[in-house]
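*Asks:* First the structure, then my questions, so here it is.
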Amino acid sequence: MIFWSFVLLAVLSQFGVTLSEFLLPISTAFLGFAFIFGNTLKNIFESLIFTFMVRAYDIGDRIALDGFPTLVISRINLLTTEAFTLGKRDDI
Numbered sequence: 028m029i030f031w032s033f034v035l036l037a038v039l040s041q042f043g044v045t046l047s048e049f050l051l052p053i054s055t056a057f058l059g060f061a062f063i064f065g066n067t068l069k070n071i072f073e074s075l076i077f078t079f080m081v082r083a084y085d086i087g088d089r090i091a092l093d094g095f096p097t098l099v100i101s102r103i104n105l106l107t108t109e110a111f112t113l114g115k116r117d118d119i
């Protein structure tokens, strides 16, 4: 990528385009997009890492909450988790 950037700059200099005429608008646009979309892209990246790398529990784990029956994790989806109770086999 860096090599092709230098090749592009060399070709443009052969056609008489100065470096400041070419790089100033591109760098300004890149900086603007970085401020606009930087935080959003960071949040998307962090949520993907959290979703696929960090798991609070695995399939077969048991969850015991006060006042509720014990749940067993049966399936983990992208946005939901399916569990069932031990006695009745009800999916929650």
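Count along the sequence shown from 1, add 27, and you get the number used in the numbering used here.
Every residue, glycine too, gets a C-beta built ideally from N, C-alpha and C.
Keep in mind it's a predicted model, so treat the numbers as computed, not measured.
Mind reading off the beta-carbon distance from L36 to L46? Whole number of angstroms is fine, and I expect it under 8 angstroms.
*Replies:* Between L36 and L46 the beta-carbon gap is near 7 angstroms, inside 8 angstroms, which marks them as a contact.
*Asks:* Taking only three categories from DSSP, how would you classify L98?
*Replies:* Strand, per DSSP.
*Asks:* Write down the C-beta distance between S101 and I86 rounded to the nearest angstrom, noting that I regard them as a contact closer than 8 angstroms.
*Replies:* 7 angstroms
*Asks:* Across which residues does DSSP place E109 in a beta bridge pair?
*Replies:* R102
*Asks:* What does G89 pair with, by DSSP beta-bridge criteria?
*Replies:* In the sequence as displayed, the identity of residue 89 is Arg instead of Gly. Partner(s): V99.
*Asks:* Express the C-alpha separation of S54 and M28 in angstroms, rounding to a whole number.
*Replies:* Those two C-alpha atoms are separated by around 16 angstroms.
*Asks:* Just the Cα atoms here: how many angstroms apart are I71 and F62?
*Replies:* 15 angstroms
*Asks:* Excluding five sequence neighbours on each side, which residues of the same chain lie with their C-beta closer than 7 angstroms to the C-beta of D88?
*Replies:* I100
*Asks:* Answer yes or no: do F49 and L39 have a C-beta to C-beta separation smaller than 8 angstroms?
*Replies:* yes
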